[in-house]
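Under the UniProt record's numbering, the letters of the sequence shown match residues 1 to 109, in that order.
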Amino acid sequence: MQSEDARSYVQGLPIQKKKNFKEVFPSLDVNAVDLLDSMLLLDPDTRMTAKDGLSHPYLSEFHDPESEHNSPPYDDSFESMELDVGEWSSLIHMEIMTFDPRNPSATAM
């Protein structure tokens, strides 16, 4: 975790044993359990990507590589920036003012 505040918050939480989804949802398909386990990892470096999720066996009936767009990985580097409230407010305002709903991929930051 890059944010010191987030790291402190998570470290302050009581330690809990990971839930076994097969026990929590006994009627769940084994592939559904695997998909949940892979998507709900806290560490983004080990968490399943959207591309991996779409090609997971549990979603195979919906998977069509020809109709799925390839996007660059999400850049979350801004989340580790140490800015005061006013600076964050300015960034959000700039994002809103430059966003064009007719062409979202070109105007999103």
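By construction, the Cβ of each residue, glycine as well, lies at the ideal position given by its N, Cα and C atoms. Because the structure is a prediction, the values reported are computed rather than measured.
Notebook entry, point to check: Buried or exposed: which applies to L40, given that a residue is buried once 16 or more other Cβ atoms fall within 10 Å of its Cβ?
Noted result: exposed
Margin query: If I measure Cβ to Cβ from H63 and keep anything under 6 Å in the same chain, skipping five residues before and after, which residues do I get?
Written below: L54 and S55
Check: Are the CB atoms of N31 and P57 nearer to each other than 7 Å?
Finding: Cβ atoms of N31 and P57: closer than 7 Å.
Next item on the list: Report yes if the CB atom of M48 is closer than 7 Å to the CB atom of S38, and no otherwise.
Entry: yes
Note to self: I'd like the list of long-range same chain contacts for A106, defined as Cβ closer than 8 Å, with 5 residues on each side in sequence excluded.
What the structure shows: Leaving aside the five residues that flank A106 on each side, the residues in its chain whose CB is nearer than 8 Å to its CB run, in chain order, D100.
Next item on the list: Just confirm the distance between the C-beta atoms of L28 and K19, as a whole number of angstroms; I'd bet it's less than 8 Å.
Entry: Going by Cβ atoms, the distance from L28 to K19 rounds to 12 Å, so no, they are not a contact pair.
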